[in-house]
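All residue numbers for the sequence shown refer to our numbering, where the first residue is 2 and numbers rise by one.
From the three backbone atoms N, C-alpha and C, an ideal C-beta is built for every residue, glycine too.
Structure first, commentary second.
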Amino acid sequence: MTVISQQEIEGFSESFNSNPENKVASRAARRSGLLEASFNDRVSERLTELDIGGVTDQKHSGRCWEFTTLNVLRHYFGKENKVKDFTFSQAYNFFWDKIERANAFYNAIIRLADKPLTDRHVQAWLEFAGEDGGLWTMAINLVKKYGVVPSYAMPESFNTNNTTALAENLARKERKDALVLRKLVNEGKRDEAEKTKKEFLNEIYRMVSVALGEPPKKFDLEYRDDDKKYHLERDLTPQAFVQKYFKDFNFDDYVALSNIPNHEYNKVYHLPLYDNVAGGDQVKYLNVPIEYLAQAAVAQLKSGEAVSFGNDVLKQMERKTGFLDTELYKTDQLFDVDTQMSKADRLNTGEGFATHDMTLVGVDEDNGHIRKWKVENSWGDKFGHKGFYEMSQAWFEQYVYDVIVKKEFLPKELQELVDQPAVDVMPWENFGE
Numbered sequence: 002m003t004v005i006s007q008q009e010i011e012g013f014s015e016s017f018n019s020n021p022e023n024k025v026a027s028r029a030a031r032r033s034g035l036l037e038a039s040f041n042d043r044v045s046e047r048l049t050e051l052d053i054g055g056v057t058d059q060k061h062s063g064r065c066w067e068f069t070t071l072n073v074l075r076h077y078f079g080k081e082n083k084v085k086d087f088t089f090s091q092a093y094n095f096f097w098d099k100i101e102r103a104n105a106f107y108n109a110i111i112r113l114a115d116k117p118l119t120d121r122h123v124q125a126w127l128e129f130a131g132e133d134g135g136l137w138t139m140a141i142n143l144v145k146k147y148g149v150v151p152s153y154a155m156p157e158s159f160n161t162n163n164t165t166a167l168a169e170n171l172a173r174k175e176r177k178d179a180l181v182l183r184k185l186v187n188e189g190k191r192d193e194a195e196k197t198k199k200e201f202l203n204e205i206y207r208m209v210s211v212a213l214g215e216p217p218k219k220f221d222l223e224y225r226d227d228d229k230k231y232h233l234e235r236d237l238t239p240q241a242f243v244q245k246y247f248k249d250f251n252f253d254d255y256v257a258l259s260n261i262p263n264h265e266y267n268k269v270y271h272l273p274l275y276d277n278v279a280g281g282d283q284v285k286y287l288n289v290p291i292e293y294l295a296q297a298a299v300a301q302l303k304s305g306e307a308v309s310f311g312n313d314v315l316k317q318m319e320r321k322t323g324f325l326d327t328e329l330y331k332t333d334q335l336f337d338v339d340t341q342m343s344k345a346d347r348l349n350t351g352e353g354f355a356t357h358d359m360t361l362v363g364v365d366e367d368n369g370h371i372r373k374w375k376v377e378n379s380w381g382d383k384f385g386h387k388g389f390y391e392m393s394q395a396w397f398e399q400y401v402y403d404v405i406v407k408k409e410f411l412p413k414e415l416q417e418l419v420d421q422p423a424v425d426v427m428p429w430e431n432f433g434e
């Protein structure tokens, strides 16, 4: 192992001070911060602000995947029923996610009980306990099983807006329960382990009910449409609501397209760790080059339907102005270094992965040339253009990892690949999630 000598340090300092621009850059960075000092104001000159109303706010929680899924559903409901401001309860589906995810956790712990605690699969489940993050298919699994309710039927509360305490308590309980279940299975008491699992789930239900309140079993659908006409339908169950108002919304028509260039293209990949509902749909992605994601998203937007997408939102993003652009911050120029990496290299080194889900609600496209996209976020209306962001096509290519689109918008050669056997992705592999 080599050490840094004092002589080398003096050489570094001499090199730094030999260029006067370094001191100028340092003063600017120390006064206003690295991002502000490297902000490229020319971005704002070539993007046009768009303004349409109505966004949601996930507050201090990791529920973006539920928000974007319900945003797609509410846009569909709004279009069909002429009520653009109608919203669904994220708290309702969040409740059931905690129950179903605990069940998936206990099932995995029992299945892997013969493995040592240090086994990578066991460790992955223990690390995943209590997590908020998720994906489109997970949200759809919850909608299929439990339905949806209007936001007023189960409103947001302190613990849905601030999920850290609940997540930590659920994780701690589930990890302790895992030790009990493993011991029972390894003692040959499988039936007792299953019985104990049900007792643990009852306790999880109690914890989540205390934190969030029990979800409604029935509700009255009540709204005034855009023509000011009043609508009221009493005693709907959440499942009946979906069956009636989403009867033409075929959830199984949708395909998750991914662009994960460190994995082979034209293959379907399965992420077992994210299968949140026992008996539900598996979380799968058809991995293809980025141009297919863009083409399918444009086609779906032109059909009048929004598009959920996963992305690395904190890269080259400015909350205040709402820009997502690869030219936004010139930090390499500020430091006089080169930190640019390919998308595949970012995935391979852990520098890149999807950190957030948002919704595409518009595109500026001319004869196949995409200039920018309009993005609906779930961070409230205080950021961006009243909650909406403008994303360059270059940003889409570099930092978007998946889109959820109807199968009909895929070229025939991709449609034929959707149902091929899936390759399991190990929990420790970076598949962009």
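Straight-line gap, residue i to residue j (C-alpha atoms, nearest Å)
i, j, result
"L348", "T340", "14 Å"
"Q394", "L237", "43 Å"
"A140", "T70", "7 Å"
"Y107", "V181", "11 Å"
"E292", "H370", "11 Å"
"F247", "F78", "8 Å"
"K145", "Q334", "50 Å"
"M155", "P216", "7 Å"
"S45", "M318", "Legend: pLDDT at S45 = 43, less than 50; position of this residue unreliable, value from coordinates given subsequently. Near 13 Å, if we compare the C-alpha coordinates of M318 and S45."
"H232", "D226", "8 Å"
"V308", "R191", "44 Å"
"R75", "E81", "10 Å"
"G189", "R112", "13 Å"
"N472", "D367", "With the chain running from 2 to 434 in the structure shown, residue 472 is simply not present."
"Y330", "E391", "15 Å"
"S379", "L315", "14 Å"
"E22", "F336", "10 Å"
"L411", "M208", "43 Å"
"F68", "L143", "13 Å"
"K1", "P290", "A query on residue 1 cannot be resolved here, the shown segment of the chain reaching from 2 to 434 and no further."
"T197", "D365", "56 Å"
Classification of residue i by the beta-carbon crowding that lies within 10 angstroms, buried from 16 upward
i, result
"V338", "exposed"
"N18", "exposed"
"V406", "buried"
"A298", "buried"
"E11", "exposed"
"Q8", "exposed"
"K373", "buried"
"E175", "buried"
"G351", "exposed"
"K284", "Checking the sequence, you will find Val at residue 284 rather than Lys. So V284 ends up on the buried side."
"A103", "buried"
"S259", "buried"
"Q421", "exposed"
"Q399", "buried"
"L287", "buried"
"T360", "buried"
Selected residue, minimal CA-CA separation from residue i, among the options
i, options, result
"S152", "D365, F410, R176, F87", "F87"
"G1", "F201, N162, V209, E328", "Residue 1 lies beyond the residue range present for the chain, which begins at 2 and ends at 434; the question has no answer from this structure."
"E223", "R235, P216, E215", "R235"
"S343", "P412, P262, P239", "P262"
"A300", "K99, E409, Y270", "E409"
"A168", "A355, E193, E132, A194", "E132"
"F159", "G214, T356, K99", "G214"
"G323", "N368, V404, K375, D221", "K375"
"C65", "Q91, K85, F389", "Q91"
"F354", "G433, I100, D120", "G433"
Reduced DSSP secondary structure (H/G/I, E/B, other) of residue i
i, result
"S19", "coil"
"A307", "coil"
"T1", "Since the first residue shown for the chain is 2 and the last is 434, residue 1 is missing from the structure and cannot be characterised."
"N401", "One point to set straight first is that residue 401 is Val, not Asn, in the sequence displayed. Reduced to three states, the DSSP call for V401 is strand."
"E366", "strand"
"L213", "helix"
"I53", "Low confidence applies here, because I53 scores a pLDDT of 37, under 50, leaving its location unreliable; read the following figure in that light. It is coil, neither helix nor strand."
"L361", "strand"
"D333", "helix"
"K285", "strand"
"K230", "coil"
"R347", "helix"
"F68", "helix"
"L222", "strand"
"K407", "strand"
"K373", "strand"
"V299", "helix"
"Y266", "coil"
"F87", "coil"
"R235", "strand"
"L258", "strand"
CB contact below 9 Å: residue i versus chain D
i, result
"M208", "As a matter of chain content, chain D is missing from the structure shown, which is built from one protein chain."
The ligand FAD heavy atom lying under 8 Å from the CB of residue i
i, result
"E352", "Inclusion of the ligand FAD in the displayed structure is not the case, the ligand content being empty and no account of it being possible."
Whole alpha helix (DSSP H) elements within the segment 133-214, 4-residue minimum: 137-147, 159-162, 165-187, 191-213
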